[in-house]
Amino acid sequence: MKIISGIQPSGKLHIGNYLGAIKNWIKLQNDSENECAFFVADYHSITEEFDPKEKPKEILDLATSLLALGLDPEKSIIFQQSQVPGHADLAWIFDTLVKIPELERMTQFKDKAAAQKENINMGLFGYPVLMAADILIHKADAVPVGEDQTQHLELTRDIARRFNNNFGPTFPEPKSLLTETPRIMSLVDPSKKMSKSGGEKSYIALFDSPEIIKEKIKSAVSDTGGGKDKRIGGDNLLAIFDAFAETKEEKNEYSNYKREHADGKLKYSEFKPRLAELIANHFADFRNRYAELSENPDQVKKILDSGAKKASAIAEKTLREAKQKIGLII
Ligand code: ADP
Ligand code: TRP
Numbered sequence: 306m307k308i309i310s311g312i313q314p315s316g317k318l319h320i321g322n323y324l325g326a327i328k329n330w331i332k333l334q335n336d337s338e339n340e341c342a343f344f345v346a347d348y349h350s351i352t353e354e355f356d357p358k359e360k361p362k363e364i365l366d367l368a369t370s371l372l373a374l375g376l377d378p379e380k381s382i383i384f385q386q387s388q389v390p391g392h393a394d395l396a397w398i399f400d401t402l403v404k405i406p407e408l409e410r411m412t413q414f415k416d417k418a419a420a421q422k423e424n425i426n427m428g429l430f431g432y433p434v435l436m437a438a439d440i441l442i443h444k445a446d447a448v449p450v451g452e453d454q455t456q457h458l459e460l461t462r463d464i465a466r467r468f469n470n471n472f473g474p475t476f477p478e479p480k481s482l483l484t485e486t487p488r489i490m491s492l493v494d495p496s497k498k499m500s501k502s503g504g505e506k507s508y509i510a511l512f513d514s515p516e517i518i519k520e521k522i523k524s525a526v527s528d529t530g531g532g533k534d535k536r537i538g539g540d541n542l543l544a545i546f547d548a549f550a551e552t553k554e555e556k557n558e559y560s561n562y563k564r565e566h567a568d569g570k571l572k573y574s575e576f577k578p579r580l581a582e583l584i585a586n587h588f589a590d591f592r593n594r595y596a597e598l599s600e601n602p603d604q605v606k607k608i609l610d611s612g613a614k615k616a617s618a619i620a621e622k623t624l625r626e627a628k629q630k631i632g633l634i635i
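Residues in the sequence shown are numbered from 306 upward in steps of one, following the working numbering.
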């Protein structure tokens with residue numbers, strides 16, 4: 306399968322990003338049947354407030370983190386979106402195939418527009434169209450993302466279908482690939498998804514120290530809510546435990562905690578520190594590898610440069626084909 310996915314360089318990576326998307330990227334890359342490309346979506350990230358002085362660091366940090374988590378330039382094309390000409394051109398072409406009300410219906414647009422009322426810019430509005438271009442320029446079959454991105458994938462398929470109907474078969478209709486944990490919930494308000502925008506205490510960042518993780522899990526909302534949502538905090542913590550349980554013993558531990566939770570007997574004073582420990586241990590290697598890699602930013606930049614060359618060759622070919630199909634090549 307041809308696989309592509311991207312992530313924005315803004316804010317800190319958290320366990321929602323990891324369990325919903327990046328973990329799957331690494332798994333897919335390690336299957337030699339797949340051709341994978343992963344990128345830092347810097348063009349998408351400038352649709353929100355940002356500091357131009359911080360942006361280069363955010364891009365480099367994200368690329369370094371992805372490498373530290375196990376993305377391998379020998380197996381995957383790893384690149385920075387804005388270094389590859391073609392994405393924005395194809396997005397312009399796709400703009401002419403999308404109706405304004407379709408974009409107005411996008412949940413992420415509505416949420417972000419409500420959060421940045423003074424800056425509802427064209428880029429934010431056209432965000433899903435650029436995303437469709439990112440995906441289709443690689444003619445990808447599948448896109449590993451969290452559940453919040455599935456609406457964008459539906460639009461991507463609509464765009465592909467419309468282009469094919471109007472101008473002849475060109476693009477595949479890519480599907481989303483979800484993990485078993487496609488939607489990790491916020492630690493402070495488990496009715497919302499875990500997100501950078503929910504505040505420090507709502508998420509566990511991959512860089513959080515074991516002490517901070519312990520504190521955040523300790524104060525996480527568990528089964529204290531009311532009504533039918535009473536257990537969603539506890540369910541979320543259990544799902545996180547399950548996702549990080551690797552050994553047979555850890556899986557057994559999980560089954561026991563799950564049973565206790567179902568019976569209303571889970572002792573959070575025991576479960577929570579154990580969950581914190583499991584998460585902290587999982588990212589111990591990551592923290593070490595990140596520290597090593599960040600000593601040598603030039604190496605990371607080189608990987609991105611070489612990824613951009615490979616991605617550009619693919620993008621150029623698809624863009625030319627699309628232009629030819631719509632009659633722009635004389
Ligand atoms: P954030 O919402 O924190 O800004 P991004 O929009 O940068 O996260 O998401 C990057 C990737 O991580 C996407 O594939 C997205 O679907 C996934 N993702 C983000 N938050 C979660 C979550 N809480 N649970 C599962 N996947 C998530
Ligand atoms: N919109 C995605 C997010 O918010 C990031 C993204 C941009 C993306 N282009 C993409 C994901 C193409 C998958 C494929 O997380």
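Quick reminder that beta carbons are idealized off the backbone N, C-alpha and C, glycines included.
Buried versus exposed, by CB contacts within 10 Å (16 or more), residue i
| i | result |
| --- | --- |
| G632 | exposed |
| Q454 | buried |
| P390 | exposed |
| G538 | buried |
| S337 | exposed |
| N329 | buried |
| A627 | buried |
| T412 | exposed |
Residues of its chain near residue i, where Cβ-Cβ distance is below 8 Å and the 5 sequence neighbours each way are ignored
| i | result |
| --- | --- |
| D439 | I309, G311, F344, A346, Q386 and H392 |
| I584 | I320, I509, I518, I522, I545 and F549 |
| I608 | A368, L372, P378 and I383 |
Nearest neighbour of residue i, chosen from the options [CA to CA]
| i | options | result |
| --- | --- | --- |
| R594 | I619, D366, K563 and T486 | D366 |
| F468 | S524, A396, S481 and E452 | A396 |
| L637 | N426, K563 and I464 | Residue 637 is absent from the structure shown; the chain starts at 306 and stops at 635. |
| T461 | I634, D446 and D336 | D446 |
| Q604 | L372, A627, L333 and Y573 | L372 |
| A512 | L318, M306 and K307 | For clarity, residue 512 is Phe in the given sequence; the question names Ala instead. For F512, the nearest C-alpha among the options comes from L318. |
| L483 | P495, A326 and P314 | A326 |
| L324 | R488, F430 and D416 | R488 |
| F414 | P449, S574, G431 and V403 | G431 |
Residue(s) in a DSSP beta bridge with residue i
| i | result |
| --- | --- |
| S310 | F343 |
| Q385 | V345 |
| A447 | I308 and K480 |
| K498 | M490 |
| H566 | The partner list for H566 (beta bridge, DSSP) is empty, contrary to what the question assumes. |
| A510 | H319 |
Same chain only: Cβ atoms within 7 Å of residue i, ignoring 5 sequence neighbours per side
| i | result |
| --- | --- |
| F476 | L441, K444, A465, F468 and N469 |
| H566 | G539 and L543 |
Sequence-distant residues of the same chain with beta carbon closer than 6 Å to residue i, five excluded per side
| i | result |
| --- | --- |
| S617 | V389 |
| S491 | K497, M499, G503 and S507 |
| P515 | A585 |
| G451 | G325, A326 and P487 |
| Y348 | Q386 and S387 |
List in chain order the residues whose CB is within less than 5 Å of at least one heavy atom of ligand 1.
I312, Q313, G321, N322, G325, A326, V450, G451, D453, Q454, R488, I489, K498, M499, S500 and K501
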